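Everything in the sequence shown is counted per the numbering used here, starting at 96 for the first residue and increasing by one. The beta-carbon is built from N, C-alpha and C at its ideal position, and this holds for glycine as well. What you are looking at is a predicted structure, and each value in this text was computed from that prediction instead of being measured.
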Amino acid sequence: MNPAVISVDTRKSQRNLWRSNGIKETEQEFITEIKVEMFNHQGALANLTAAINTTTSNIQSLNTEEKDGRVYSTFIRLTARDRVHLANIMRKIRVMARRY
96 MNPAVISVDT RKSQRNLWRS NGIKETEQEF ITEIKVEMFN HQGALANLTA
146 AINTTTSNIQ SLNTEEKDGR VYSTFIRLTA RDRVHLANIM RKIRVMARRY
């Protein structure tokens, strides 16, 4: 099991991605939500937001729920240009998880 990120869930965002798929050549970003489950350690949330920031995505909101003393779920509403951009955001989160 990865020490920083346990899972990234984008089920909620899939619906938004397919809706935006019919629009071609648009500059508009859409808002999607991802769920990241993380071990609770110092700097974990800062590392997560920094990884998202490097992808030129804006975080609209961020909520956390503690599952037990060690693990918490983070629900992040963020902007993405398209499916490829969202995939790059998720890749950055996974790479960040390997480093920490």
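Item, Value
"Distance, Lys187 Cα to Ile147 Cα", "7 Å"
"According to DSSP, residues forming a beta bridge with Ile127", "The sequence shown places Thr at residue 127, not Ile. Bridge partners of Thr127: Leu173."
"Whether Arg178 touches Glu124 by CB criterion (8 Å)", "no"
"Cutoff 6 Å; reference Asn111; Cβ partners in own chain excluding five residues on either side", "At Asn111, the pLDDT of 47 sits below 50, so the modelled position is not reliable; the number obtained from the coordinates is stated separately. These residues qualify, in order along the chain: Phe125, Thr127."
"For Met96, the three-state DSSP class (helix, strand or coil)", "Summary for Met96: the model assigns pLDDT 37, below 50, so the residue's position carries little reliability; its value from the coordinates is reported in the next sentence. Coil at Met96, not helix or strand."
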